[in-house]
Amino acid sequence: MQTKDKERFIVKAKEGFTPEIGRLLSMMEYTRMTTIEAVKGLSTEQLDYRIDGKGNSIGCLLHHMACVEEVYQIITFEGRDPNEEELQKIELGLTLGEEAHEVMHSKRLDFYLEQLDQVRQNTWKRFKGMDDNWLDEISPFGTDHQANNYFRWFHVFEDELSHRGQIRLIRNHQQRNC
């Protein structure tokens, strides 16, 4: 058994990061590992499958995960909303819907895994420049709420965990009905 497998259920600080950021990244790493396990070996057809031809496909959910993480990079690390160019790149993945299914179709698993990996590498690089106090910084969250950066990044992997559940549901439905 590899060291990583032995420690998969241990949330701990990570070398090169402040203690709290390291723990947060440890949880994000576990979440991503289980997401990848949930999609391992899926064909393009399986990635495009939608229950009863409606709802999200696994491919769209993977794209959504990458776009959510990317928008939170902008919001938290840069302290701003995405500009028009950035929004154009990620909006489809954030909103999903029929248009997303028309665009995010017929792509191989490697496409989505590479997208997730590139976004995550950027996230880790940007976290290296932050300290634990940054996690506590509070700013507006939507029109009626406040949130700190810790919550925002918790929300990124909470969203991924939720969609991983959808992915498992879609896979189970496929296995029973296809």
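Quick note: the sequence shown uses this note's numbering, first residue 634, plus one each step.
Built from N, CA and C at the ideal position, the CB exists for glycine as well.
Among the options, the one whose alpha carbon lies nearest that of residue i
i           : options            : result
residue 749 : 795, 789, 767, 698 : 698
residue 752 : 783, 775, 707      : 707
residue 696 : 661, 811, 796      : 796
residue 701 : 801, 652, 746, 790 : 790
residue 764 : 747, 638, 652, 648 : 652
residue 804 : 767, 731, 670, 654 : 670
residue 654 : 792, 718, 746, 757 : 757
residue 672 : 715, 775, 744      : 744
residue 767 : 678, 677, 729, 711 : 711
residue 735 : 719, 682, 705, 638 : 682
residue 718 : 704, 729, 779, 731 : 704
residue 811 : 648, 678, 668      : 678
residue 687 : 747, 648, 730      : 730
residue 792 : 668, 639, 648      : 668
Other residues of its chain near residue i: CB distance less than 7 Å, five sequence neighbours each side excluded
i           : result
residue 656 : 644, 645, 646
residue 713 : 707
residue 799 : 689, 694
residue 737 : 692, 693, 696
residue 720 : none
residue 788 : none
residue 732 : 725
Inter-residue CB distance, residue i and residue j (contact presumed, cutoff 8 Å)
i           : j           : result
residue 604 : residue 684 : No statement about residue 604 is possible, as the shown extent of the chain runs from 634 to 811 and does not include it.
residue 661 : residue 641 : Going by Cβ atoms, the distance from residue 661 to residue 641 rounds to 13 Å, so no, they are not a contact pair.
residue 664 : residue 794 : 6 Å
residue 740 : residue 680 : 7 Å
Cβ neighbours of residue i in the same chain (closer than 6 Å, five flanking residues each side left out)
i           : result
residue 709 : 782, 785
residue 780 : 774
Below-8 Å beta-carbon distance, residue i vs any chain C residue
i           : result
residue 764 : Of the protein chains in the structure, only one exists, and it is not chain C.
Span of the alpha helix (DSSP H), counted from its first residue to its last, around residue i
i           : result
residue 716 : Residue 716 -> no alpha helix (DSSP H), and no H or E assigned at all.
residue 669 : 652-672
residue 677 : 677-681
residue 732 : 731-736
Beta-carbon proximity list for residue i, same chain, < 8 Å, skipping 5 on both sides
i           : result
residue 650 : 658, 760, 761
residue 809 : none
Residue interval of the beta strand (DSSP E) (run including residue i)
i           : result
residue 697 : Taken as a continuous stretch (DSSP letters only), residue 697 belongs to no beta strand (DSSP E), being part of the alpha helix (DSSP H) at 691-705.
residue 778 : 778-781
residue 760 : Unbroken run through residue 760 is the alpha helix (DSSP H), 742-760; no beta strand (DSSP E).
residue 772 : 771-774
Distance cut-off 7 Å: residue i Cβ against heavy atoms of the ligand FAD
i           : result
residue 702 : No copy of the ligand FAD appears in this structure; indeed no ligand is present at all.
Quick check: the segment 771-784 against the segment 720-737, are at least 3 beta-carbon pairs closer than 8 Å? Flag = no, the segment 720-737 and the segment 771-784 do not touch.
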